[in-house]
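Participant: This structure is in structure tokens; I'll ask about it shortly.
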Amino acid sequence: MKIQIIEKESKFEDNDYIEENEETTYEVFEELPELAEKEENEEKRDFVFIDGVIDELPIKILFTYEGEEFISDIFISSVGCGFENGKMIFPKIKLYITFQKDVIKSIVEENIKPKLEKITEKTVDMVFIYDQRIKRKIILDKLRTDEFTLANNIIKDIGSKVLVLDGNLRLEESFKNIYENYVVGIVKNFSWPEEFIKNIEKHRFSEIRSKLIFTEKKGKKRFSFFLWLKKSSIVRVDFFRDSNQTVFANFLARKISGWAQNIGDRAPKNITPIRILEKRLRDIIGNKTFYIRDIKRNILNI
């Protein structure tokens, strides 16, 4: 079997992730205006942010077996948690190696995988994906699962802080800790019925946000509202809350509006704390030359 490394241009945009299809029912939640002025301790709550980034290494692994060529792409991700004071914890790096669906897995397991595993450190996991056609979806789904797993694991350790995820809040049994705490999702790309989006102006609760939208799946309840930012941008904000939904929604609307700035090519939707966390996560990945060098050295034995 012949193995080669091919140099290539890399590009992986993970900023247009569309939320998962969810079988939900939804309706406008009737809020009482008098509750909008009610004071609550949320005003004093601190925030914690969780996000993940993905990039593609500018190389491919090409190997030939019995006259047939197989090509592998390699991606790298980092997921972590950041506090408002700039502290970051639990950063985790993963390498994703993707193969064509018709690749002979036993050949990969015997000849490719052992060589690649030599480059991993204690803080780096390696994931093998055997379907190039849907590699993007698989990788993004795994990234989102990593984000939710981290949120579910640390939620009990951050006290009364509000935990913010970049993306929608999944309605899944496996993340039960999330439903019982202050967890928020900021959705930059959302897929709701077109008719509802067209009529969203009719559902304004205040100058900056819509009325709450109630969604439910298998007994799990989630509240959402649409938030108007600068440049006529709209984001959706999800949260789980059994009571005082209006007070909490107003608190979130003010905080998120304050974080939205005209900095960066994804502003104002990519709020400042998330933008800073993304930059730090990319810094953790560091210079991709390190991974390229080690892959070449172990695959080609040079």
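Residue numbering for the sequence shown follows this note's numbering, beginning at 1 and increasing consecutively. The beta-carbon is built from N, C-alpha and C at its ideal position, and this holds for glycine as well.
(1) For Gln100, name the three-state secondary structure that DSSP assigns.
(2) Taking Cβ to Cβ, would you say Ile59 is nearer than 8 Å to Ile292?
(3) In angstroms with no decimal places, state the Cα-to-Cα distance between Ile71 and Asp131.
(4) What span of residues does the alpha helix (DSSP H) with Ile285 cover, start to end?
(5) Can you give me the C-alpha to C-alpha distance between Leu165 and Phe47, rounded to a whole angstrom?
(6) Between the alpha carbons of Lys92 and Lys198, how many angstroms are there, rounded?
(7) Please list the segments of the alpha helix (DSSP H) lying wholly inside the segment 100-173, counting only runs of 4 or more residues, in order along the chain.
(8) Less than 8 Å separating the beta-carbons of Asn152 and Phe175?
(9) On the three-state DSSP scale, how would you describe Asp294?
(10) I need the straight-line Cα distance from Asp146 to Leu277, nearest angstrom please.
(11) Whose C-beta lies closer than 8 Å to the C-beta of Pro273 among residues of the same chain, with five residues either side of it excluded?
(12) Which one or two residues does DSSP pair with Leu62 in a beta bridge?
(13) Take the Cβ of Phe290 as the centre, count every other Cβ of all protein chains shown within 10 Å, and call the residue buried at 16 or more, exposed below.
(14) By a C-beta neighbour count over all protein chains shown, 10 Å radius and 16 as the cutoff for buried, is Asp141 buried or exposed?
(15) Decide if the segment 181-190 is in contact with the segment 101-118; the criterion is three or more beta carbon pairs, one per stretch, under 8 Å apart.
(16) How far does the beta strand (DSSP E) with Phe225 in it reach, from first residue to last?
(17) Would you kindly report the start and end of the unbroken beta strand (DSSP E) that includes Phe251?
Facilitator: Walking through what the data contain:
(1) coil
(2) Closer than 8 Å, so yes.
(3) 11 Å
(4) Thr272 to Ile285
(5) 11 Å
(6) Answer to the nearest angstrom: the Cα atoms are 40 Å apart.
(7) 113-117 and 135-154
(8) yes
(9) helix
(10) 16 Å
(11) Phe47, Phe49, Gly82, Glu84, Val164 and Trp259
(12) Paired residues: Gln4 and Ile71.
(13) exposed
(14) exposed
(15) no
(16) Lys220 to Trp228
(17) The continuous stretches of beta strand (DSSP E) do not include Phe251, which lies in the alpha helix (DSSP H) extending over residues Gln245 to Trp259.
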